[in-house]
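Note that our numbering has the sequence shown beginning at 1162, numbered continuously upward. For reference, the structure discussed in these notes is given below.
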Amino acid sequence: MPFITNTPHKTLEQRLKQIIPNSIEINILVGFFYFSSVHFFYEILKDMDGKGKIPKGYIKILVGLDVDQKLSRIYEYSLENIDHKNQFLISLEKTFTSADMDKKEIYEQAEFFLKLLKEGKLILRKTRKPNHAKLYLFTLDSQITPNLFITGSSNLTKAGISYQDEFNVEIKDYGFDEAKQYFDKLWQDSVPLDVNKIVESIKEKTFLKAITPLQILLKVLKKL
C-alpha cells in the first residue's frame, strides 16, 4: 500500500493523473473543494472529453463542509439547519472573485468546468451534515487492475493535492466495496445542487460575467 505524502515525485496530483484516464467512474468525498484544484482535472478531462470518453455521471464530488474565507481564516459551518445550497453558491462566488483567479487560463478552465456540470458529466452535491472525510474512489476500466481508493488527509484543493504536507494511502487489495457503500449512502442522503443556479451564480456574480462594450469604455475612461 503506497503512501502519498506530496513529497517530490510522490504527490496526490501526480497519482490522480495516472489513475483518472483509466477510470470509468470517479467518486470523491472531501471536506473542501476549491476551484484552484481543477486545473489538473482540466488538462486530463479536456482531452478525454474531446474523444467522447466522458459519460454522464462520470465524476461525482460530494463536499462535506461549507466554507467562508475571511481575514485569511477558514470557518466551518456546522449548523445542520443552514441553507446548504445557498451557502455553497456563496462559497463558489468567493472562489471565482478571488484576484489570483482572474487569469486567461482560469477563464478557459471555468468554462469547461461549467460545461461538464451542464452536461451532467460532473455532479456536485453537499452532505447534509458536516463531514471531514477524504475519500477518492476509482472504478477502473481493466480486468487486470482492481478498483482502488485513496484515503487520508488531502482535500480537493491545490495545496492538498500538490504541495502541502499530507498523508494518504492507496488501497486496492481490500475494502473498496465497503468504502463505495459508505460513499453511496452519503450521496443518496446528500443535498442536490441546482446546476442552473450554479451556472447563473458564477456567470452573473463573478469575473466570468460578460462585460459589455459600454462597461469597457467606462472603465478605460475612468483610468484616463
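Glycine included, every Cβ here is placed at the ideal spot set by N, Cα and C. Predicted model, so just to flag it, every value in this text is computed and none were measured.
Does DSSP classify residue i as helix, strand or coil?
i, result
"Ser1323", "helix"
"Ile1215", "coil"
"Ile1220", "strand"
"Arg1286", "strand"
"Asn1357", "helix"
"Glu1186", "strand"
"Leu1317", "strand"
"Leu1177", "helix"
"Tyr1297", "strand"
"Leu1309", "strand"
"Phe1164", "strand"
Note down, in chain order, each residue of its chain lying with its Cβ closer than 6 Å to the Cβ of residue i, except the 5 sequence neighbours on either side.
i, result
"Ala1294", "Leu1190"
"Ile1243", "Only weak support is given to the placement of Ile1243: the predicted model assigns it a pLDDT of 47, under 50, and the value that follows is read from those uncertain coordinates. Closer than 6 Å at the Cβ level, and outside the excluded window around Ile1243, lies no residue."
"Asn1188", "Lys1221, Leu1298, Phe1344"
"Asn1308", "Thr1300, Leu1301, Phe1337"
Among the options, which one has its Cα closest to the Cα of residue i?
i, options, result
"Pro1353", "Leu1223, Leu1177, Lys1276", "Leu1223"
Distance check for residue j and residue i, CA to CA, integer angstroms please.
i, j, result
"Gly1192", "Asp1326", "17 Å"
"Ile1215", "Lys1282", "7 Å"
"Gln1304", "Pro1291", "36 Å"
"Phe1310", "Thr1300", "9 Å"
"Phe1273", "Ser1314", "28 Å"
"Glu1361", "Lys1276", "13 Å"
"Ser1323", "Asp1350", "31 Å"
"Pro1182", "Asn1167", "21 Å"
"Ile1165", "Leu1173", "6 Å"
"Pro1169", "Leu1226", "29 Å"
"Gln1342", "Gly1336", "10 Å"
"Pro1163", "Thr1306", "15 Å"
"Gly1321", "Thr1312", "12 Å"
"Ala1260", "Gly1218", "Summary for Ala1260: the model assigns pLDDT 48, below 50, so the residue's position carries little reliability; its value from the coordinates is reported in the next sentence. Computed Cα separation, rounded: 31 Å."
Ignore the nearest five residues each way along the sequence and tell me which others in residue i's own chain have a CB closer than 7 Å to its CB.
i, result
"Val1356", "Leu1278, Lys1279"
"Ala1340", "Leu1296, Leu1298, Phe1310"
"Lys1171", "Ile1165"
Enumerate in chain order the residues of its own chain whose CB-to-CB distance from residue i is below 8 Å, with the five nearest sequence positions on each side excluded.
i, result
"Leu1347", "Leu1190, Leu1223, Thr1288, Asn1292"
"Asp1302", "Asn1183, Ser1184, Ile1185"
"Arg1286", "Lys1221, Ile1222, Leu1223, Val1224, Trp1348, Ser1351, Val1352, Pro1353, Leu1354"
Say yes only if the C-beta of residue i is nearer than 7 Å to one or more non-hydrogen atoms of the ligand GDP, and no if none qualify.
i, result
"Val1191", "This structure does not include the ligand GDP; it has no bound ligands of any sort."
Just checking, does the segment 1167-1182 make contact with the segment 1198-1207 on the three C-beta pairs under 8 Å criterion? At 8 Å Cβ cutoff, the stretches touch.
Validate contact between the segment 1332-1348 and the segment 1209-1217 using beta carbons, cut 8 Å, 3 pairs: Too few Cβ pairs lie closer than 8 Å, so no.
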